[in-house]
Amino acid sequence: MKGDEAEEEANDVGGEDELDDDQLEKLEFIIQYLLDGLKDDDSIVRWTAAKGIGRITMRLSADFAD
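Pasting the structure below:
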């Protein structure tokens, strides 16, 4: 299931100060997947996608703010 894969990849990325190219690519995929979820017709999917984006952004370092 794609959602489970995205959550698993998000768990792999967290907890490190520096992200390598592979991890950045995975993070980009996950964020794009969640952004696509914001366009869904079902409100629970939109809410969950927004929650996921919030959780990821809270774990990122300040370097990613720009």
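Residue numbers for the sequence shown follow the working numbering, so the first one is 219 and each next one is one higher.
All C-beta atoms, glycine included, are put in the ideal place defined by N, C-alpha and C.
All values derive from a computational prediction rather than experimental measurement.
Residues near residue i by beta carbon distance below 7 Å, same chain, minus five either side
{"i": "ALA268", "result": "LEU256"}
{"i": "VAL263", "result": "GLY255"}
Beta-carbon proximity list for residue i, same chain, < 6 Å, skipping 5 on both sides
{"i": "ASP270", "result": "Per the sequence shown, residue 270 should be read as Gly rather than Asp. So the qualifying residues of the chain are LEU252."}
{"i": "ASP258", "result": "ARG264"}
Neighbourhood of residue i by C-beta, 8 Å cutoff - its chain only, sequence neighbours within 5 removed
{"i": "THR266", "result": "GLY255"}
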